[in-house]
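First residue of the sequence shown: 213, per the numbering used here; consecutive thereafter.
Cβ coordinates follow ideal geometry from the N, Cα and C atoms, glycine included.
This one's a predicted model, so the numbers in the text were calculated from it and none came from an experiment.
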Amino acid sequence: MSPRQAARGMPPSSGGRSRGSRPAGRDGVMAGMAELGLRRPVGVAPASYSAGAKWFHWITAALLAIALPVGFVIQHIKDSDKTIFYTLHESAGLTILLVALARLAWRLRHPPPPLPAQVPRLLQRVAAAVHHSLYALLILQPILGFVATNAWGFPLRGESAYLGFIDLPQIMEKNEGLAEVLQTLHTIGGWAILVLLVLHVAGVVFHQAIRRDGTLLRMI
213 MSPRQAARGM PPSSGGRSRG SRPAGRDGVM AGMAELGLRR PVGVAPASYS
263 AGAKWFHWIT AALLAIALPV GFVIQHIKDS DKTIFYTLHE SAGLTILLVA
313 LARLAWRLRH PPPPLPAQVP RLLQRVAAAV HHSLYALLIL QPILGFVATN
363 AWGFPLRGES AYLGFIDLPQ IMEKNEGLAE VLQTLHTIGG WAILVLLVLH
413 VAGVVFHQAI RRDGTLLRMI
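Structure below.
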């Protein structure tokens, strides 16, 4: 016991960590991850996505966080303010299309890592179906929106230009009948993407909080 311990009435140190203290350094980080449900299962080291795939994933997520809410509420915005919201929605959507195409090209050269071996085959098939459906819609949905906008007679030019300053060509003459059909399909596509995103997030929560198989760690 040191003089300082004796003066303060402290018990002698055992030289080790007390059970109530959190370890420092890397052990402390791992302990914190365990508390958050982020720690890998013992003996399992899930293969991680490439850095490029992670960037594509999170950029797409950020763009969807803009495009989807704006698309759902834009009909309830007063007419004098709609132009800026349409431009925001359309610009985010077309950027999602470009990112999705680039992401597919990247994926062909950098295949995704397999799911952890302990994930049941049925869950692997469900995850693949959700991912493939999302990929298809992230490409189809912006195209539907762009063609519908042209069919309504509102090309992305001037104050409605892509990103606010890039004029895009008008690809067709005004056709309200076609525009209504495309708009309906675009609306259905928006809801389908929302449902798939809910399933995707629910799957992540299930794997992380219940199965704890390290799936989330592959994308962070």
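C-alpha gap between residue i and residue j, whole angstroms
i    : j    : result
T299 : V331 : 42 Å
A414 : A340 : 14 Å
L316 : P323 : 10 Å
G255 : L320 : Low local confidence applies: a pLDDT of 46 at G255 is under 50, so the model's placement there is unreliable, with the coordinate-based value given in what follows. Answer to the nearest angstrom: the Cα atoms are 30 Å apart.
R252 : L335 : Low confidence applies to R252: its pLDDT is 46, below 50, so where it sits in the model is not reliable enough to give any reading.
A373 : A363 : 16 Å
L408 : V285 : 19 Å
Y347 : T399 : 17 Å
L306 : D425 : 35 Å
P367 : L390 : 15 Å
V282 : H343 : 23 Å
A304 : A259 : 31 Å
A279 : E371 : 18 Å
One or two residues paired with residue i in a DSSP bridge
i    : result
Y374 : I378
Three-state secondary structure (DSSP) of residue i
i    : result
K386 : coil
L280 : helix
R234 : Confidence is the limiting factor: at R234 the pLDDT is only 49, short of 50, which leaves the residue's position unreliable, though a coordinate-based value still follows. It is coil, neither helix nor strand.
P325 : coil
G365 : coil
A273 : helix
V407 : helix
T396 : helix
T295 : helix
Y261 : coil
Sequence-distant residues of its chain with Cβ nearer than 7 Å to residue i (five each side left out)
i    : result
Y261 : P324, P325, R430 and M431
Cβ shell of residue i (< 8 Å), same chain only, five flanking positions each side left out
i    : result
I422 : none
A314 : F268
K294 : I286
Any non-hydrogen atom of the ligand COA within 6 Å of residue i CB
i    : result
L390 : No copy of the ligand COA occurs in the structure displayed, which carries no ligand at all.
Other residues of its chain near residue i: CB distance less than 6 Å, five sequence neighbours each side excluded
i    : result
V359 : L394
Counting pairs of Cβ atoms below 8 Å between the stretch 398-405 and the stretch 352-360, do you hit three or more?
With the cut-off at 8 Å, the stretch 398-405 and the stretch 352-360 touch.
Any 3 or more C-beta pairs closer than 8 Å across the stretch 366-386 and the stretch 262-270
No, they do not touch.
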